[in-house]
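Numbering-wise (our numbering), the sequence shown opens with residue 106 and increments by one.
Just so it is clear, CB atoms sit at the ideal spot from N, CA and C, and this is done for glycine as well.
Quick caveat, the model's predicted, so the values are computed rather than measured.
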Amino acid sequence: MDDLASLRSELIGAAEAAADMNAIEELRITALGKKGRITQMMKGLGAMDPAQRKDAGAALNKLKNEVSAVLEERKSVLAEAAIDAKLMEEKVDVTLPVRPEREGRIHPISQTIDEVVAIFGEMGFTVAEGPDIEDDWHNFTALNIPPEHPARQEHDTFYLPGSGDNGGDQRMVLRTHTSPVQIRTMQKTQPPVRIICPGRTYRCDSDATHSPMFHQVEGLVIDKTTHMGHLKGCLIDFCRAYFGVDDLPVRFRPSYFPFTEPSAEVDIGCTREGGQFRIGHGDDWLEILGSGMVNPAVLENCGIDSTVYQGFAFGVGLERIAMLKYGIPDLRTFFESDLRWLRHYGFKALDVPSMVGGLNR
Ligand code: PHE
């Protein structure tokens, strides 16, 4: 039994001092392996008389369990220490400033989307999104633009090859406006609806004021008593908040869109005096968005009862309002990825626009 006591203190001492995983494994083999010291002693039990064997067996079992518990314990201590060491080694100080010569910029379109979302978010709108590749039905027919409708010509549509080339609702197109997101939202949800849909849109056109890919934000509000007064209030508030001019003149001019009736284009007051363009007061007007009360035919196409619900919609070209606000003269430069342009017109990453913190600084 004395033997056992000294073996115990030897093994446990060694286990507690084991420096690494290899040392632990070695010790396990020496003590508990097939030819290990404890295993050997257990093999000797057979030669003892029954009374001796019972006590010695119990003592050996206890020692075996104790040694393996200490080895396991030591293993987990070492594993934890290894993780700590690795973490210390890989530590990154997130409070260090970024390298100023490498500072990135937020693209004016991203910034403008954030500003528009901040303004409408404050009014209770949520953001909805839809696919860039649409079918003819969602992009046109459901919006009350049937085949052969003259409005289709104005859209300079990119048609995708091989998708019902002879026309029809299944033909695939690159969406020409974000209005199909209205359709998808109304198909999925019953009113009340209050959404804005920012996103990419495509038309086959390219010059200083047109790009084959550009961005729009569309808005849609549907409820039982939504009326033209809400449309006007909402869009006047938006224009004034976006351009940061509290008394910006806003004019609603009758217009036509197949999906709204009545329809109105929205102009803001500006001046071009002395060759200088300025937004705000003045004797001139500049068109910035399209709007109207959703045509009941569109509601019915989406399974919404037009005798119960009504609402308004609007669409804004994001490049256009970004160019106006930030004095960017050519639309094509938005997509040239010229770093000098981005440094000049881009925004700091941490200047996130909000109605409380300010839209842009
Ligand atoms: N979808 C229209 C366009 O791209 C804009 C618009 C949207 C007009 C909603 C009125 C209402 O021309």
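Roughly how many whole angstroms lie between the Cα atoms of residue i and residue j?
{"i": "alanine 454", "j": "serine 215", "result": "11 Å"}
{"i": "glycine 432", "j": "tyrosine 264", "result": "34 Å"}
{"i": "threonine 281", "j": "histidine 320", "result": "10 Å"}
{"i": "arginine 466", "j": "arginine 383", "result": "Note that arginine 466 scores 47 on pLDDT, short of 50, meaning its location in the model is unreliable and no value can be drawn from it."}
{"i": "proline 251", "j": "aspartate 274", "result": "10 Å"}
{"i": "glycine 118", "j": "lysine 159", "result": "27 Å"}
{"i": "arginine 257", "j": "leucine 248", "result": "11 Å"}
{"i": "glutamine 381", "j": "lysine 196", "result": "54 Å"}
{"i": "arginine 345", "j": "glycine 209", "result": "30 Å"}
{"i": "glutamate 130", "j": "aspartate 237", "result": "60 Å"}
{"i": "leucine 150", "j": "alanine 163", "result": "11 Å"}
{"i": "glutamate 239", "j": "threonine 217", "result": "25 Å"}
{"i": "leucine 394", "j": "alanine 427", "result": "13 Å"}
{"i": "threonine 135", "j": "arginine 204", "result": "55 Å"}
{"i": "threonine 331", "j": "serine 284", "result": "19 Å"}
{"i": "serine 411", "j": "glutamate 405", "result": "6 Å"}
{"i": "alanine 123", "j": "aspartate 198", "result": "33 Å"}
{"i": "glutamate 424", "j": "valine 221", "result": "12 Å"}
{"i": "leucine 444", "j": "methionine 333", "result": "44 Å"}
{"i": "lysine 430", "j": "glycine 462", "result": "18 Å"}
{"i": "tyrosine 361", "j": "serine 311", "result": "24 Å"}
{"i": "leucine 447", "j": "glutamate 378", "result": "30 Å"}
{"i": "glycine 422", "j": "threonine 306", "result": "10 Å"}
{"i": "aspartate 189", "j": "glutamate 206", "result": "33 Å"}
{"i": "glycine 141", "j": "alanine 156", "result": "25 Å"}
{"i": "phenylalanine 440", "j": "threonine 314", "result": "13 Å"}
Identify whether residue i lies in helix, strand or coil by the three-state DSSP scheme.
{"i": "glycine 397", "result": "strand"}
{"i": "cysteine 302", "result": "strand"}
{"i": "tyrosine 414", "result": "coil"}
{"i": "phenylalanine 440", "result": "helix"}
{"i": "glutamate 195", "result": "coil"}
{"i": "threonine 331", "result": "coil"}
{"i": "tyrosine 450", "result": "helix"}
{"i": "glycine 420", "result": "strand"}
{"i": "isoleucine 211", "result": "strand"}
{"i": "histidine 320", "result": "strand"}
{"i": "cysteine 309", "result": "coil"}
{"i": "arginine 466", "result": "Unreliable positioning characterises arginine 466 in this predicted model, as indicated by a pLDDT of 47, which lies under 50. A coordinate reading is not provided."}
{"i": "arginine 358", "result": "strand"}
{"i": "aspartate 342", "result": "helix"}
{"i": "glycine 235", "result": "coil"}
{"i": "leucine 116", "result": "helix"}
{"i": "leucine 201", "result": "coil"}
{"i": "valine 278", "result": "strand"}
{"i": "glycine 374", "result": "strand"}
{"i": "histidine 386", "result": "coil"}
{"i": "threonine 365", "result": "strand"}
{"i": "valine 457", "result": "coil"}
{"i": "histidine 243", "result": "helix"}
{"i": "glutamate 220", "result": "helix"}
{"i": "valine 172", "result": "helix"}
Is the separation between the beta-carbon of residue i and that of residue j shorter than 8 Å?
{"i": "lysine 180", "j": "leucine 137", "result": "no"}
{"i": "valine 232", "j": "isoleucine 301", "result": "yes"}
{"i": "arginine 308", "j": "phenylalanine 230", "result": "no"}
{"i": "leucine 436", "j": "serine 316", "result": "yes"}
{"i": "leucine 325", "j": "methionine 398", "result": "no"}
{"i": "glutamate 392", "j": "glutamate 366", "result": "no"}
{"i": "proline 359", "j": "isoleucine 373", "result": "no"}
{"i": "aspartate 328", "j": "proline 297", "result": "yes"}
{"i": "glycine 408", "j": "glutamine 287", "result": "no"}
{"i": "alanine 418", "j": "serine 442", "result": "no"}
{"i": "arginine 276", "j": "aspartate 241", "result": "yes"}
{"i": "alanine 110", "j": "valine 172", "result": "no"}
{"i": "methionine 460", "j": "glutamate 185", "result": "no"}
{"i": "proline 202", "j": "glycine 451", "result": "no"}
{"i": "proline 458", "j": "aspartate 219", "result": "yes"}
On a Cα-Cα basis, can you pick out the residue from the options that is closest to residue i?
{"i": "proline 266", "options": "Met318, Leu279, His254, Glu259", "result": "Leu279"}
{"i": "threonine 376", "options": "Glu234, Asp312, Gly385", "result": "Gly385"}
{"i": "glutamine 295", "options": "Met153, Val413, Ile143", "result": "Val413"}
{"i": "leucine 183", "options": "Met126, Ala164, Ala152", "result": "Met126"}
{"i": "glutamate 234", "options": "Arg113, Glu323, Met228, Ala223", "result": "Glu323"}
{"i": "alanine 128", "options": "Glu177, Ile143, Arg210", "result": "Glu177"}
{"i": "histidine 146", "options": "Ala161, His449, Ile134, Leu391", "result": "As written in the sequence, residue 146 is methionine, which differs from the histidine given in the question. Selected option, being the one with the closest Cα: Ala161."}
{"i": "histidine 254", "options": "Phe364, Leu444, Asp389, Gly334", "result": "Phe364"}
{"i": "histidine 449", "options": "Asn400, Glu405, Ile211", "result": "Ile211"}
{"i": "isoleucine 224", "options": "Gln287, Phe362, Asp189, Cys339", "result": "Cys339"}
{"i": "valine 175", "options": "Arg113, Val222, Thr200, Leu165", "result": "Arg113"}
{"i": "isoleucine 143", "options": "Met291, Pro297, Lys167", "result": "Lys167"}
{"i": "phenylalanine 348", "options": "Arg356, Leu464, Ala187, Gln157", "result": "Leu464"}
{"i": "glycine 420", "options": "Asp388, Met318, Thr200, Pro303", "result": "Pro303"}
{"i": "aspartate 389", "options": "Arg356, Leu132, Asp261, Gly416", "result": "Arg356"}
With 8 Å as the threshold, decide whether the Cβ of residue i is near any Cβ in chain B.
{"i": "arginine 204", "result": "In summary, chain B is missing from the structure at hand, where a single protein chain is found."}
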